[in-house]
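Below you'll find the structure, written out as structure tokens, and then a few comments.
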Amino acid sequence: MKNFILSFIIALSWNISMAITPTRYFIGKTEVPESLWMSTPDSLKYSTLKIEYDSLTVIETDLPMTHYLDSINGGYIIKKRSEEEISAIEKTLGISLKITRQM
Numbered sequence: 001m002k003n004f005i006l007s008f009i010i011a012l013s014w015n016i017s018m019a020i021t022p023t024r025y026f027i028g029k030t031e032v033p034e035s036l037w038m039s040t041p042d043s044l045k046y047s048t049l050k051i052e053y054d055s056l057t058v059i060e061t062d063l064p065m066t067h068y069l070d071s072i073n074g075g076y077i078i079k080k081r082s083e084e085e086i087s088a089i090e091k092t093l094g095i096s097l098k099i100t101r102q103m
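Using my numbering, read the sequence shown as starting at 1 and increasing by one per residue.
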């Protein structure tokens, strides 16, 4: 009987240690479903970070400035910014980098 209980405890602890930890996906600070994460091209996954905890894995990435995450009817899609928006962002970043270099 002792051998059976000991075997059961060892088998149970092995199953618990080998259990698959859930993974949560983030684009920026927004949690997105796995389907959106898997359908996002690698070329848009800018600076990906993977953090593994004991009971959870978190994978986070940022989008390049040419794209953004939009919410439509409770779901998320990745959209491309217009050329005017991209130009404005580039000008703003160019000015801020120029000011930083002068300091």
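The beta carbon of each residue, even a glycine, is placed where N, CA and C say it ideally should be. Just so we're clear, the structure is a prediction, and the values are computed from it rather than from any experiment.
(Q) Measuring only the C-alpha atoms, how far is Pro33 from Ile89? (A) 28 Å
Q. What's the call for Thr21, buried or exposed, on a 16-neighbour Cβ count within 10 Å?
A. exposed
**Q.** C-alpha gap between Val58 and Met1, whole angstroms
**A.** 42 Å
Q. Any idea if Thr30 is buried or exposed, counting beta-carbon neighbours within 10 angstroms, 16 or more meaning buried?
A. exposed
Q.
Taking DSSP's pairing of strands, which residues face Ile27 in a bridge?
A. Thr30 and Thr61
(Q) Looking at the secondary structure, which residues open and close the beta strand (DSSP E) in which Asp70 lies? (A) His67 to Ile72
Q: Could you name the residues that DSSP lists as bridge partners for Lys79?
A: Tyr68
**Q.** Rounded Cβ spacing between Leu44 and Ile78 (contact assumed at less than 8 Å)
**A.** 7 Å
Q.
Can you look up Leu56 in the DSSP assignment and give me helix, strand or coil?
A. coil
Q.
So if DSSP puts Leu49 in a beta bridge, which residue, or which two residues, is it bridged to?
A. Glu60
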